[in-house]
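2 protein chains.
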Amino acid sequence: MSLPAEFQARLPLIEAALRNAVAEGPEPLVQMARYVLGWEDAAGRPSSGGGKRLRPLLCIEAAVAAGADPSQALSGATAVELVHNFSLVHDDIQDRDALRHGRPTAWRIVGEPQAINLGNFLYTRGLRQLAESRLPGAPLALAMLFEAVERMVAGQWADIAFEDSDDVSEQEYLAMVAGKTGALLGAAAGIGAALAGASRETVDLFRRWGERLGLAFQVQDDYLGTWGDVAATGKSTSGDIARRKKTLPVVFALAAKPAGDALRELYRGAPQSDDDTASVLRLLEETGAREHTRDVARRLSAEADALLAQISLAPNARERLRAFARFVTERDR
Amino acid sequence: MSLPAEFQARLPLIEAALRNAVAEGPEPLVQMARYVLGWEDAAGRPSSGGGKRLRPLLCIEAAVAAGADPSQALSGATAVELVHNFSLVHDDIQDRDALRHGRPTAWRIVGEPQAINLGNFLYTRGLRQLAESRLPGAPLALAMLFEAVERMVAGQWADIAFEDSDDVSEQEYLAMVAGKTGALLGAAAGIGAALAGASRETVDLFRRWGERLGLAFQVQDDYLGTWGDVAATGKSTSGDIARRKKTLPVVFALAAKPAGDALRELYRGAPQSDDDTASVLRLLEETGAREHTRDVARRLSAEADALLAQISLAPNARERLRAFARFVTERDR
Numbered sequence: 031m032s033l034p035a036e037f038q039a040r041l042p043l044i045e046a047a048l049r050n051a052v053a054e055g056p057e058p059l060v061q062m063a064r065y066v067l068g069w070e071d072a073a074g075r076p077s078s079g080g081g082k083r084l085r086p087l088l089c090i091e092a093a094v095a096a097g098a099d100p101s102q103a104l105s106g107a108t109a110v111e112l113v114h115n116f117s118l119v120h121d122d123i124q125d126r127d128a129l130r131h132g133r134p135t136a137w138r139i140v141g142e143p144q145a146i147n148l149g150n151f152l153y154t155r156g157l158r159q160l161a162e163s164r165l166p167g168a169p170l171a172l173a174m175l176f177e178a179v180e181r182m183v184a185g186q187w188a189d190i191a192f193e194d195s196d197d198v199s200e201q202e203y204l205a206m207v208a209g210k211t212g213a214l215l216g217a218a219a220g221i222g223a224a225l226a227g228a229s230r231e232t233v234d235l236f237r238r239w240g241e242r243l244g245l246a247f248q249v250q251d252d253y254l255g256t257w258g259d260v261a262a263t264g265k266s267t268s269g270d271i272a273r274r275k276k277t278l279p280v281v282f283a284l285a286a287k288p289a290g291d292a293l294r295e296l297y298r299g300a301p302q303s304d305d306d307t308a309s310v311l312r313l314l315e316e317t318g319a320r321e322h323t324r325d326v327a328r329r330l331s332a333e334a335d336a337l338l339a340q341i342s343l344a345p346n347a348r349e350r351l352r353a354f355a356r357f358v359t360e361r362d363r
Numbered sequence: 031m032s033l034p035a036e037f038q039a040r041l042p043l044i045e046a047a048l049r050n051a052v053a054e055g056p057e058p059l060v061q062m063a064r065y066v067l068g069w070e071d072a073a074g075r076p077s078s079g080g081g082k083r084l085r086p087l088l089c090i091e092a093a094v095a096a097g098a099d100p101s102q103a104l105s106g107a108t109a110v111e112l113v114h115n116f117s118l119v120h121d122d123i124q125d126r127d128a129l130r131h132g133r134p135t136a137w138r139i140v141g142e143p144q145a146i147n148l149g150n151f152l153y154t155r156g157l158r159q160l161a162e163s164r165l166p167g168a169p170l171a172l173a174m175l176f177e178a179v180e181r182m183v184a185g186q187w188a189d190i191a192f193e194d195s196d197d198v199s200e201q202e203y204l205a206m207v208a209g210k211t212g213a214l215l216g217a218a219a220g221i222g223a224a225l226a227g228a229s230r231e232t233v234d235l236f237r238r239w240g241e242r243l244g245l246a247f248q249v250q251d252d253y254l255g256t257w258g259d260v261a262a263t264g265k266s267t268s269g270d271i272a273r274r275k276k277t278l279p280v281v282f283a284l285a286a287k288p289a290g291d292a293l294r295e296l297y298r299g300a301p302q303s304d305d306d307t308a309s310v311l312r313l314l315e316e317t318g319a320r321e322h323t324r325d326v327a328r329r330l331s332a333e334a335d336a337l338l339a340q341i342s343l344a345p346n347a348r349e350r351l352r353a354f355a356r357f358v359t360e361r362d363r
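Taken in sequence, the protein lines are chains A and B. This note's numbering puts the first sequence at residues 31 to 363. This note's numbering puts the second sequence at residues 31 to 363.
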């Protein structure tokens, strides 16, 4: 399922605002920003390959649903996308990931020390978009963004800490994801509503809706990282297993008896062979982790829907947000 | 020269505000914040060993000179100190420094990935201090802080890039230091004036004064890192040489003939022996780099003084700022 045309139509506005946000600044940093955002290759030649722009789209759709013109939410949309890219640049260093959207990660091009600088630049530039906005809702939007980044950083801390733990509960896992992924998607929706001038109560409902959506998104990502089709996702299927990520299916299976003990054994020691990966996949099936992961994603989507139902919206606005939510949570790549 | 008593008297106020700023938050992050800020050892036991708090002191002194009560500048003082500590935590990863203020650096305790998170947390928490202030000068103060961080990041980028270059001019070096060190000290002074409600013009003079002070401070640091007394600084004398840092004396000597060519040769290849370090020191003396470094520090201090003279101040306020500047630029540790 690729991005429906009605949302695709927003992308030129978003891209123009992002380009404007990094048009000026210290040259090596803005050059690498253009690479990370997908407009240039590592040699500075025009190229394509950035992300899906889910967060700025969510920000704009929330603002439009709350009665604003899309342009009114652009400072928030660029802010959340730049903050998202900051987190990706730092995450790729932390996780030693070599590829992102099928392209070499930033640290592989400029080295880890400079990639730390690049992330810090993207973060700062992102925050400035909101800090410099004169809209009445901008201070609330900025406060939400700060709160989201703190939760994101704490979530990333927990995610790294989980690598050394055999014993992560599903509750701990979902709390980690709520920070690492949910907080920024929640902020994207809340910021859109805030910039549209919505009430605090409505802003908070949008934020909570976006956060649930983010959780459902991540659980779907866990599913795709384990059982997804490599051609569709650009990730090697079971890449998450080869890297021993503590995804939801793994966390679930580790708690099962006796399959969990066998899995725990496999997750120890040296990097795994393809045979090991096949054994892990077999154990996951045995415990019902596949169906469970689907169930959790569905439950989180339903919770998001229930929050959306609490927001007072025109019928067509609600239908549009539901369509966006379906795209986010039911994507196959 | 230790911190004069008149400035020392401000420290309890600053420490209390800093403790308050990180009193709450995700536990592993606030625990490491307490370590980095010098209040606890790595096991969480009460300890001492943080930095000199130059930036918050500068912020408060600027505010007081501009007619405010010290407490009015506290949000700015905590913001600049937290941002400074963010930059130290990331710099220590980038430079692979093992010790800071005689204690293990953060990445050596929690690993590089978590130290990246810790820096991001300190940065965010620092910005929030100003973003949540309701003082009329707070938006200008926050804008100055963002601008300073972008320049600091660009300066750090240049500093790392210089490591691979044989050919850095003194002008390029000073531009790098203006970003890496000068920008945040400039912001500290400007933010103090902004929070005190000073005019834009006065705020800008304070900012430029602080930036020159920061440059003089760094050049003095280069001097001490090469010829300073290890007992006073806690750094091994010539540690900068052992690590092949492109400090001002080195940049100056590299441009001299024929000593520069010999120095260039020594700075290539594998890590240096004590003999190599002695040879470098001899070459630096030969080119007059020691006296030149002193001269540049003096010139920068004089430029700072000239900027201070342009600010309309009560005589005792001016004298106090000059005393602070002397402490910053003439310190022996």
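Think of the CB as a built atom: it goes at the ideal place given N, C-alpha and C, for glycine as much as any other residue. Everything numeric in this text was worked out from a predicted model, so none of it was measured.
Mind pulling the chain A residues with CB within less than 8 angstroms of Val183 of chain B?
-> Translated into the one-based positions of the second sequence, residue 183 of chain B becomes position 153. Think of a sphere of 8 angstroms around the beta carbon of Val183 of chain B: the chain A residues whose beta carbon falls inside it are Pro56, Leu59, Asn147, Asn150, Phe151, Thr154, in chain order.
Do Gly222 of chain A and Leu88 of chain A have their C-beta atoms closer together than 8 angstroms?
-> Against the first sequence, residue 222 of chain A aligns to sequence position 192. Against the first sequence, residue 88 of chain A aligns to sequence position 58. Contact flag set, yes.
With DSSP as the reference, please indicate the residues paired to Glu70 of chain B in a beta bridge.
-> Position 40 of the second sequence, counting from 1, holds the residue named residue 70 of chain B. Glu70 of chain B pairs with B:Pro76.
How would you write the range of the alpha helix (DSSP H) that Ile341 of chain A sits in, first residue to last?
-> Residue mapping note: residue 341 of chain A aligns to position 311 of the first sequence, counting from 1. Neither: Ile341 of chain A is in no alpha helix (DSSP H) and is coded neither H nor E.
Determine which residues of the segment 96-130 of chain A have a Cβ less than 7 angstroms from any Cβ of chain B, and write them out in chain order.
-> Of all residues in the segment 96-130 of chain A, His120, Ile123, Gln124 have a Cβ within less than 7 angstroms of some Cβ in chain B.
Determine the DSSP secondary structure at Arg356 of chain A, reduced to helix, strand or coil.
-> On the first sequence, position 326 is the one that residue 356 of chain A refers to. In the structure shown, Arg356 of chain A sits in a helix (DSSP, three-state: H, G or I).
Is the distance from the Cβ of Asp252 of chain A to the Cβ of Thr323 of chain A below 8 angstroms?
-> Start at 1 with the first residue of the first sequence, and residue 252 of chain A comes out as number 222. Start at 1 with the first residue of the first sequence, and residue 323 of chain A comes out as number 293. When the beta-carbon positions are compared, Asp252 of chain A and Thr323 of chain A come within less than 8 angstroms of each other.
Beta-carbon proximity of Gly81 of chain B to His120 of chain B, cut-off 8 angstroms = Taking the first residue of the second sequence as 1, we reach residue 81 of chain B at position 51. Taking the first residue of the second sequence as 1, we reach residue 120 of chain B at position 90. Taking C-beta atoms as the reference points, Gly81 of chain B and His120 of chain B fail to come closer than 8 angstroms.
C-alpha gap between Val198 of chain A and Arg294 of chain A, whole angstroms = Mapped onto the first sequence, residue 198 of chain A falls at position 168. Mapped onto the first sequence, residue 294 of chain A falls at position 264. Taking C-alpha positions only, Val198 of chain A is separated from Arg294 of chain A by approximately 12 angstroms.
Cα separation between Ala63 of chain B and Leu313 of chain A?
-> For the purposes of this step, residue 63 of chain B is taken as residue 33 along the second sequence, with counting starting at 1. For the purposes of this step, residue 313 of chain A is taken as residue 283 along the first sequence, with counting starting at 1. Using only the alpha carbons, I get a separation of about 41 angstroms.
Whole angstroms is fine: what's the gap from Arg85 of chain A's alpha carbon to Gln159 of chain A's?
-> Within the first sequence, the letter at position 55 stands for residue 85 of chain A. Within the first sequence, the letter at position 129 stands for residue 159 of chain A. Each residue's CA atom was taken as its position, placing Arg85 of chain A and Gln159 of chain A some 15 angstroms apart.
Those residues which DSSP pairs with Pro134 of chain B across a bridge = Taking the second sequence and counting its residues from 1, one reaches residue 134 of chain B at position 104. According to DSSP, which records beta bridges pairwise, Pro134 of chain B is partnered with B:Leu129.
Nearest candidate by alpha-carbon position, reference Arg133 of chain A, set A:Thr232, A:Leu118, A:Val179 = Position 103 of the first sequence, counted from the start, is the residue given in the question as residue 133 of chain A. When the alpha-carbon of Arg133 of chain A is set against those of A:Thr232, A:Leu118, A:Val179, the nearest one is in A:Leu118.
State the Cα-Cα distance for the pair Leu204 of chain B and Val249 of chain B, rounded to the nearest angstrom.
-> Working through the second sequence from its first residue, we reach residue 204 of chain B at position 174. Working through the second sequence from its first residue, we reach residue 249 of chain B at position 219. Per the coordinates, the alpha-carbon of Leu204 of chain B lies some 9 angstroms from the alpha-carbon of Val249 of chain B.
Output, in chain order, the set of chain A residues within a Cβ distance shorter than 9 angstroms of Arg158 of chain B.
-> Taking the first residue of the second sequence as position 1, residue 158 of chain B is located at position 128. Near Arg158 of chain B (Cβ distances below 9 angstroms), the residues of chain A are Ala173, Phe176, Glu177, Glu180.
In chain order, what residues of the same chain have a beta carbon less than 6 angstroms from the beta carbon of Leu139 of chain B, not counting five sequence neighbours either side?
-> Position 109 of the second sequence holds residue 139 of chain B. This sequence places Ile at residue 139 of chain B; Leu is not what is there. So the list reads Ala72, once near-sequence residues are dropped.
Kindly confirm or deny that the segment 273-288 of chain A and the segment 47-56 of chain B touch, where touching means at least three C-beta pairs closer than 8 angstroms.
-> Taking one beta carbon from each stretch, the segment 273-288 of chain A and the segment 47-56 of chain B have fewer than 3 pairs nearer than 8 angstroms; the two do not touch.
Helix, strand or coil at Val198 of chain B according to DSSP, with G and I counted as helix | Locating residue 198 of chain B in the second sequence gives position 168, where the first residue counts as 1. Val198 of chain B falls in the coil class under three-state DSSP.
Proximity below 8 angstroms, CB of Ala93 of chain B to CB of Ala347 of chain B | Within the second sequence, residue 93 of chain B is the residue found at index 63, counting from 1. Within the second sequence, residue 347 of chain B is the residue found at index 317, counting from 1. Contact flag unset, no.
Cα separation between Arg181 of chain A and Ala191 of chain A?
-> Counting from 1 along the first sequence, the entry for residue 181 of chain A is found at position 151. Counting from 1 along the first sequence, the entry for residue 191 of chain A is found at position 161. Cα to Cα, the separation comes out at about 15 angstroms.
Just reading off the alpha helix (DSSP H) that Gln413 of chain A is part of, what are its end residues?
-> With chain A running from 31 to 363 in the structure shown, residue 413 of chain A is simply not present.
List the residues of chain D whose Cβ lies closer than 8 angstroms to the Cβ of Pro143 of chain B, in chain order.
-> The chain inventory of the structure shown lacks chain D, comprising the protein chains A and B.
Does Ala217 of chain A have its Cβ less than 8 angstroms from a Cβ in chain B?
-> Taking the first sequence and counting its residues from 1, the one referred to as residue 217 of chain A is at position 187. It does not: the Cβ of Ala217 of chain A has no partner Cβ on chain B nearer than 8 angstroms.
By Cβ distance, which residues of its chain are closer than 7 angstroms to Leu41 of chain A, with the 5 residues on each side in sequence left out?
-> One-based indexing of the first sequence puts residue 41 of chain A at position 11. Here the set comprises Arg83.
Buried or exposed (CB count within 10 angstroms, at least 16 for buried), Ala128 of chain A = Residue numbering aside, residue 128 of chain A sits at position 98 when the first sequence is read from its first letter. That one is exposed.
Specify, as a first and last residue, the run of the alpha helix (DSSP H) that Ser309 of chain A falls within.
-> To locate residue 309 of chain A, count along the first sequence from 1; it is residue 279. Ser309 of chain A: member of the alpha helix (DSSP H) spanning 304-317, first to last residue.
Kindly indicate which three-state DSSP category Arg298 of chain B falls into: helix, strand or coil?
-> Here the question's residue 298 of chain B lines up with position 268 in the second sequence. The answer is coil: DSSP assigns Arg298 of chain B none of H, G, I, E or B.
Under the three-state reduction of DSSP, which class applies to Ala364 of chain B: helix, strand or coil?
-> Here chain B comprises residues numbered 31 to 363, so residue 364 of chain B is not present and cannot be evaluated.
In chain order, what residues of the segment 324-340 of chain B put their CB closer than 7 angstroms to some CB of chain A?
-> Correct list: empty, as no residue qualifies.
For Tyr3 of chain A, which option in A:Asp196, A:Ala39, A:Asp270, A:Ala145 has the closest C-alpha, if you only look at C-alpha atoms?
-> Residue 3 of chain A is absent from the structure shown; chain A starts at 31 and stops at 363.
Three-way DSSP call (helix, strand, coil) for Glu54 of chain B in this model | Start at 1 with the first residue of the second sequence, and residue 54 of chain B comes out as number 24. The answer is coil: DSSP assigns Glu54 of chain B none of H, G, I, E or B.
Among the residues of its own chain, which have a CB less than 6 angstroms from the CB of Ala228 of chain A, if the five just before and after it don't count?
-> For the purposes of this step, residue 228 of chain A is identified with residue 198 of the first sequence, where counting begins at 1. The residues are Ala96.
Counting contacts by CB-CB distance shorter than 8 angstroms, is Trp187 of chain A in contact with chain B?
-> Position 157 of the first sequence, counted from the start, is the residue given in the question as residue 187 of chain A. Yes, Trp187 of chain A counts as interfacial toward chain B.
Within 8 angstroms (strictly less), CB to CB, does Ala161 of chain B reach chain A?
-> The residue given as residue 161 of chain B occupies position 131 in the second sequence. At a cut-off of 8 angstroms between C-beta atoms, Ala161 of chain B counts as an interface residue with respect to chain A.
With a 10 Å radius around its C-beta and 16 neighbouring C-beta atoms as the bar for buried, classify Lys287 of chain A as buried or exposed.
-> As a first step, residue 287 of chain A is located in the first sequence; it is residue number 257 there, counting from the start. Counting every other CB atom within 10 Å of its CB across the protein chains shown gives Lys287 of chain A a total below 16, marking it as exposed.
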